[in-house]
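See below for the structure under consideration.
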Amino acid sequence: MNALLFILYLSFLSLPFMGIKGALWLLAVAYSAYIFFLLIKKSSKAIKAVKLPHVRLDTKILYALLLVLLLALPFGLKDYYIDVFILAGIYIILALGLNVVIGFSGLLNLGFAAFYAIGAYAFALLAVKAGLGFWGALPLSLLITTISGLILSFPALRLHGDYLAIVTLGFGEIIHLTLNNWDELTNGPNGISGIPMPSLFGFEIQRLSHYYYIVFMFVLIAVFIIRGVYNSRIGRAWLALKDDEMAAEAMGINTTKYKFLALSFGALWAGLAGTLFASKMMFISPESFTFMESVFIVCMVILGGAGSITGVITGSLLLIVLPEVLREFQLYRMLALGTGLVLMMVFRPQGLIGGRK
Amino acid sequence: MILEIRELTKSFGGLKAVEEVSFKVMPGIILSVIGPNGAGKTTLFNCLTGALLPTKGKIFFEDKDITGKRPYEITEAGIARTFQNIRIFGKMSVLENVMIGQHSRSREGFVGAVLRTNGFKKEESEIKAKAYEFLEFTGIEEYAETRAENLPYGYQRRLEIARALATEPKLILLDEPAAGMNPQESIELMTLINKIREWGKTVIVIEHDMKVVMGISDKIVVLDHGVKIAEGTPKEIQSNTDVIEAYLGKGFEF
Ligand SMILES: Nc1ncnc2c1ncn2[C@@H]1O[C@H](COP(=O)(O)OP(=O)(O)OP(=O)(O)O)[C@@H](O)[C@H]1O
Ligand SMILES: [Mg+2]
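Quick mapping for you: the protein sequence lines, in order, are chains G and P. Per my numbering, residue 705 is the first one in the first sequence, and the count goes up by one each step. Per my numbering, residue 23 is the first one in the second sequence, and the count goes up by one each step.
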């Protein structure tokens, strides 16, 4: 019932932008989507009731197949689509980083784009102004982003929930404003250009597909490391912290320390994503790191299922690849995103794939 | 002395929830804290475990001053607790809940976790093995894989005890562990508390059920309006007219 009211409300809101015709159209579409979801929900129950023969697929074989498919991907695709997948890879790393903060540790961060920006700018400045190459500037950029994560932790540590969200939101805005106005260092709104692409063992990047493989490698590294940490006492401490801070302390967990760890470990991945983004684009400007960007990353984490690594990857892929595939509907992207998230909150609050079990 | 409390006071604004309370605890005993609702029992526990900062007074654990320490430090020092309103990690499995209890007794960090070193694997399997021991000890090992929030109520209380034991404490504080249990479960719980003591741990328990209290306690401390009004063996408490009048009302018999 709430969903129906919400759709009505949404259409009403869109009235000034889209006119009566547009609003009615939206109403119709959203309403059919709602019915569609209901039907799916019903039929999925029905499908479950029918006992299918149990097919057992070895997950290892499945992963191997997926790996081969992803490695072969650039061969069959136009450059334009390779580009989309590179972007998706960068966002996967970014969303995995935010997932450490939101999904594992339950700290709502609404200014995550700030770390993405710091990573990108640190890399760009080190590479362009200091003349370090890709591999020289990368570790320094990661270090700088991680330290900025630590610095943000100080005011954040005493805060919970909504208050923390507001402080991180403010942090995101401060970074964005700084980038826009500190002309001597960041070149203001004009941005920085001439950022180098990586070379691998003296082998220059000439084709887009080469860059695809580099990003792919970093995605694998990110998944590998984050999964390892998640499945250890550190990951368990984060989950405990998210569930009940007081009980976590009583279990001997130094909650302050683990908040520090989560915020800076998360920032590290934003730094990597920022670096890859800067060197892919070869040009960056503050425009890429706005509040909307932070919201977009939060959506990726929530859509797929906060806390689940597979879920977050799915969420990022959906939000990057779908809008590109459905290019004609660009106009309605934010609207569709909003509607989609609302429908999700109603039907699957745990996300598409869902957190723990 | 394993624990010594000196003139402990905790005020909330004008209300003195705990007032000038002092007592000592010998190692290896079961001590019960009793008193009517709002007497300050839970507040006392919160001060002992660092969840609340005392307004005045000192707490010594094994002759070391632990007043004002953070809860995790107190857990590391060897005091564990359970909560009056259950605070298990509901979305995690029963086993994982108990594994988290082992946090301060394990060391491995980022490097071990990422590279899955031998040291890391060894520690993880030790944590798991120990967690199973605590589940067996409390009699809920068959629920190891169950999501904690789906456990029956009485077992959730047992899980809290298992999780507290997993921090390997010398002193364990149980806040109304029998609340909401039926008589049968209460009796089983008494057996469990006795078992914990026999294992060499010191137990302080807050309990309303007088059968349980008189059955298991070596010593009883009675609070009323934040003040300690009596202290002694179950026999002494049962015949203490102050207690009977102030706490239980005239004409009450144990
Ligand atoms: N955080 C708090 N802020 C303000 N007052 C509090 C707080 N915690 C407890 N109190 C008050 O302190 C008094 C003692 O409460 P406490 O919970 O310690 O009692 P108790 O003996 O555990 O009671 P019960 O048997 O009901 O659990 C009560 O009057 C309570 O309202
Ligand atoms: Mg109480």
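For every residue, glycine included, the Cβ atom is placed at its ideal position computed from N, Cα and C.
To the nearest angstrom, report how far apart residue i and residue j are at their CA atoms.
i	j	result
G:Leu-756	G:Lys-782	Legend: pLDDT at G:Leu-756 = 49, less than 50; position of this residue unreliable, value from coordinates given subsequently. So the two alpha carbons sit approximately 39 angstroms from each other.
P:Glu-305	P:Ser-54	Nothing about residue 305 of chain P can be reported from this structure: the residues present for chain P run from 23 to 276 only.
G:Ile-1006	G:Pro-902	32 angstroms
G:Gly-876	G:Leu-976	18 angstroms
G:Glu-991	G:Ala-821	10 angstroms
P:Lys-143	G:Ser-936	10 angstroms
P:Thr-65	P:Met-23	22 angstroms
P:Ile-122	P:Arg-185	8 angstroms
G:Ala-826	G:Phe-995	19 angstroms
G:Phe-779	G:Phe-1000	30 angstroms
G:Ser-968	G:Trp-839	21 angstroms
G:Thr-890	G:Asn-803	29 angstroms
P:Asn-172	P:Phe-111	11 angstroms
P:Asn-140	G:Leu-800	27 angstroms
P:Asn-204	P:Asp-240	24 angstroms
G:Thr-872	P:Gln-260	58 angstroms
P:Gly-134	P:Leu-181	29 angstroms
G:Lys-833	P:Thr-168	57 angstroms
P:Asn-262	G:Phe-808	53 angstroms
G:Asp-948	G:Leu-883	37 angstroms
G:Leu-662	G:Ile-806	In the structure as shown, chain G starts at 705 and stops at 1061, and residue 662 of chain G therefore has no counterpart that could be examined.
P:Val-225	P:Ile-101	10 angstroms
G:Gly-1044	G:Leu-798	21 angstroms
G:Gly-1008	G:Ile-925	20 angstroms
G:Asn-1024	G:Thr-1018	According to the sequence provided, residue 1024 of chain G is Ile. The question's Asn does not apply to it. Roughly 10 angstroms separates the two Cα atoms.
P:Pro-174	P:Leu-157	15 angstroms
G:Met-1049	G:Gly-939	26 angstroms
P:Gly-90	P:Gln-206	39 angstroms
Could you tell me how far apart the beta carbons of residue i and residue j are, in whole angstroms, since I believe they sit closer than 8 angstroms?
i	j	result
P:Leu-196	P:Ala-166	Actually they do not touch by this definition, with Cβ atoms about 22 angstroms apart.
P:Met-114	G:Leu-863	About 25 angstroms separates the two Cβ atoms, so there is no contact after all.
G:Ile-790	G:Tyr-916	5 angstroms
P:Ala-99	P:Ile-88	6 angstroms
G:Leu-814	G:Ser-1020	Incorrect: roughly 18 angstroms between the Cβ atoms, too far for contact.
P:Ile-56	P:Val-244	6 angstroms
G:Ile-988	G:Ile-918	That belief does not hold up - the Cβ atoms of G:Ile-988 and G:Ile-918 are roughly 18 angstroms apart, past 8 angstroms.
G:Ile-1013	G:Arg-911	Contact flag wrong, Cβ pair sits at about 30 angstroms.
G:Ala-841	G:Phe-981	About 13 angstroms; that fails the 8 angstroms criterion.
G:Leu-868	G:Ala-860	6 angstroms
P:Ala-188	P:Val-120	5 angstroms
CB of residue i to nearest heavy atom of ligand 2: below 8 angstroms?
i	result
P:Asp-197	yes
P:Asn-110	Looking at the sequence shown, residue 110 of chain P is not Asn but Ile. The answer is no for P:Ile-110.
P:Lys-63	yes
P:Ile-228	yes
P:Leu-260	Checking the sequence shown, residue 260 of chain P turns out to be Gln, not Leu. No; taking the cut-off as 8 angstroms, the Cβ of P:Gln-260 has no heavy atom of ligand 2 nearer than that.
P:Gln-106	yes
Using 9 angstroms as the limit for Cβ to Cβ distance, is residue i near chain B?
i	result
G:Thr-763	Absent here is chain B; the protein component of the structure consists of chains G and P.
Please indicate yes or no: does the CB of residue i lie closer than 8 angstroms to some heavy atom of ligand 1?
i	result
P:Pro-76	no
P:Phe-45	no
G:Pro-990	no
G:Pro-1027	no
P:Leu-30	no
G:Asn-1074	Past the boundaries of the shown model lies residue 1074 of chain G; chain G is included only from 705 to 1061, so the question cannot be answered.
P:Ala-200	no
P:Thr-134	Contrary to the premise, residue 134 of chain P reads as Gly rather than Thr in this sequence. Because no heavy atom of ligand 1 lies under 8 angstroms away, the Cβ of P:Gly-134 does not count as near it: no.
P:Gly-312	Any property of residue 312 of chain P remains undetermined from this structure, which presents chain P solely from 23 to 276.
P:Ala-39	yes
P:Gly-60	yes
P:Gly-248	yes
G:Leu-861	no
P:Leu-66	yes
Does at least one heavy atom of ligand 4 sit under 8 angstroms from the Cβ of residue i?
i	result
P:Phe-34	This structure does not include ligand 4; its bound ligands are ligand 1 and ligand 2.
Worksheet item: What residues in the region 95-125 of chain P have a beta carbon less than 9 angstroms from any beta carbon of chain G?
Response: For the region 95-125 of chain P, which is checked against every Cβ of chain G, the residues closer than 9 angstroms are Glu-95, Ile-96, Thr-97, Glu-98, Ala-102, Arg-103, Thr-104, Phe-105, Arg-109, Ile-110, Phe-111, Gly-112, Lys-113, Met-114, Ser-115, Glu-118, Asn-119, Met-121, Ile-122, Gly-123, Gln-124 and His-125.
Fill in: Interface positions of the region 924-939 of chain G facing chain P (Cβ-Cβ less than 7 angstroms), listed along the chain
The residues in question are Ile-929, Gly-932, Val-933, Ser-936, Arg-937 and Ile-938.
Discussion item. Output needed in chain order: residues of the region 938-956 of chain G with a Cβ under 7 angstroms from some Cβ in chain P.
Written reply: Residues Ile-938, Arg-940, Ala-941, Leu-943, Ala-944, Asp-947, Asp-948, Met-950, Ala-951, Glu-953, Ala-954, Met-955 and Gly-956.
Discussion item. Quick check: the region 75-86 of chain P against the region 160-180 of chain P, are at least 3 beta-carbon pairs closer than 8 angstroms?
Written reply: Counting C-beta pairs with one atom in each stretch, the region 160-180 of chain P and the region 75-86 of chain P have fewer than three that are closer than 8 angstroms, which means they do not touch.
Discussion item. If the cut-off is 9 angstroms on Cβ atoms, which residues from the region 60-85 of chain P count as contacting chain G, listed in chain order?
Written reply: Going along the region 60-85 of chain P in chain order, one finds Thr-71, Gly-72 and Ala-73 with a Cβ nearer than 9 angstroms to chain G.
Worksheet item: Between the region 130-146 of chain P and chain G, which residues of the former have CB atoms less than 9 angstroms from a CB of the latter, in chain order?
Response: Contact residues of the region 130-146 of chain P toward chain G are Glu-130, Gly-131, Phe-132, Gly-134, Ala-135, Val-136, Leu-137, Arg-138, Phe-142, Glu-145 and Glu-146 (C-beta to C-beta distance below 9 angstroms).
Item to complete: Can you give me, in chain order, the residues of the region 192-221 of chain P that have a beta carbon less than 9 angstroms from any beta carbon in chain G?
Response: So the list is empty, because no residue satisfies the distance condition.
Practice prompt. Taking a Cβ distance cut-off of 8 angstroms, strictly less, list which residues of the region 881-895 of chain G are near chain P, in chain order.
Written response: Of all residues in the region 881-895 of chain G, none is placed with a Cβ closer than 8 angstroms to any Cβ belonging to chain P.
Item to complete: Take every Cβ of the region 40-47 of chain P, pair it with every Cβ of the region 242-261 of chain P, and state whether three or more of those distances are shorter than 8 angstroms.
Response: Flag = yes, the region 40-47 of chain P and the region 242-261 of chain P touch.
Item to complete: Quick one: which residues of the region 802-818 of chain G get their C-beta closer than 9 angstroms to a C-beta of chain P? List them in chain order.
Response: Per Cβ criterion, the list is empty.
Worksheet item: Are three or more beta carbon pairs between the region 25-33 of chain P and the region 65-77 of chain P nearer than 8 angstroms?
Response: Flag = yes, the region 25-33 of chain P and the region 65-77 of chain P touch.
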